[in-house]
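*Asks:* Okay, so the sequence shown: first residue is 1 according to our numbering, each after it adds one.
Yeah, the Cβ is synthetic: ideal placement off N, Cα and C, and Gly gets one too.
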Amino acid sequence: MEPNPSPLSTLLAEHAKLSHALAQVQHTDAQQEHLLCLLEADLRHQRLLYLLQPIGAVSDVFCTHLEGLILALVGFSQEEIQQDPRLVASYFALLRPYLEMPLPAFWENVRELAAEVYVELVYQRVSRKGG
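1. Could you work out which residue in Leu43, His27, His34, Ala30 is closest to glutamate 108 when comparing CA atoms only?
2. If you drop the 5 nearest sequence neighbours on each side, which residues of the same chain put their C-beta closer than 7 Å to that of cysteine 63?
3. Considering only the alpha carbon of each residue, which of His27, Leu49, Ala30 lies closest to phenylalanine 92?
4. How big is the Cα-Cα spacing for glutamine 32 and valine 119?
5. What does the alpha-carbon distance come out to for the pair aspartate 29 and serine 77?
6. In chain order, which continuous runs of the alpha helix (DSSP H) of length 4 or greater are located wholly inside the region 62-96?
7. Can you tell me the Cα-Cα spacing of glutamine 26 and cysteine 37, whole angstroms?
8. For alanine 105, is the classification buried or exposed, using 16 other Cβ atoms within 10 angstroms of its Cβ as the cut-off for buried?
9. Out of His34, Arg47, Glu40, which one is the CA nearest neighbour of proline 102?
10. Can you tell me which of the three DSSP states glutamine 31 falls into?
What follows is the structure, encoded as structure tokens:
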């Protein structure tokens, strides 16, 4: 029996330009795995906050602010993260459609969703750097 391909390798097979972008950032497998775990955790957390919003149970106290760490690990500079509010806004815009998915589909696919967000963030980073 062959092992299942990782969500990231499946995405790479489908998108040559994203594969090129990932090659430019030169993340090791361990770094990619670390970022995917952080993205999964943030997706789960953001989904919980999204579900709590209608009842007013969300406060800044519950925010993890993982977005800054994730963006930095993808390769954005601290200066870019702090001085360009559009960068953080684009991160949350990437997450938004996934937060609005039906719950069963979200929970069943959270690993794949994290891989999609990772690839898009890397692509945005390379595009900004002119790569």
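*Replies:* Reading from the atomic positions:
1. The sequence position of residue 108 within the sequence shown is 108, counting from 1. Taking only the C-alpha atoms, the option nearest glutamate 108 is Leu43.
2. Here residue 63 corresponds to residue number 63 of the sequence shown, with the count starting at 1. Contacts found: none.
3. Sequence index remark: in the sequence shown, residue 92 carries index 92 (1-based). Answer by Cα proximity: Leu49.
4. Start at 1 with the first residue of the sequence shown, and residue 32 comes out as number 32. Start at 1 with the first residue of the sequence shown, and residue 119 comes out as number 119. Spanning the two alpha carbons is a distance of roughly 10 Å.
5. As a working mapping, residue 29 is identified with position 29 in the sequence shown. As a working mapping, residue 77 is identified with position 77 in the sequence shown. Approximately 21 Å between the Cα atoms of the pair.
6. 66-74, 78-83
7. For the purposes of this step, residue 26 is taken as the residue at position 26 of the sequence shown. For the purposes of this step, residue 37 is taken as the residue at position 37 of the sequence shown. One C-alpha to the other measures close to 18 Å.
8. Counted from its first residue, the sequence shown places residue 105 at position 105. When all chains shown are included, alanine 105 counts as exposed.
9. In the sequence shown, residue 102 corresponds to position 102, counting from 1. For proline 102, the nearest C-alpha among the options comes from Arg47.
10. In the sequence shown, residue 31 corresponds to position 31, counting from 1. Glutamine 31 falls in the helix class under three-state DSSP.
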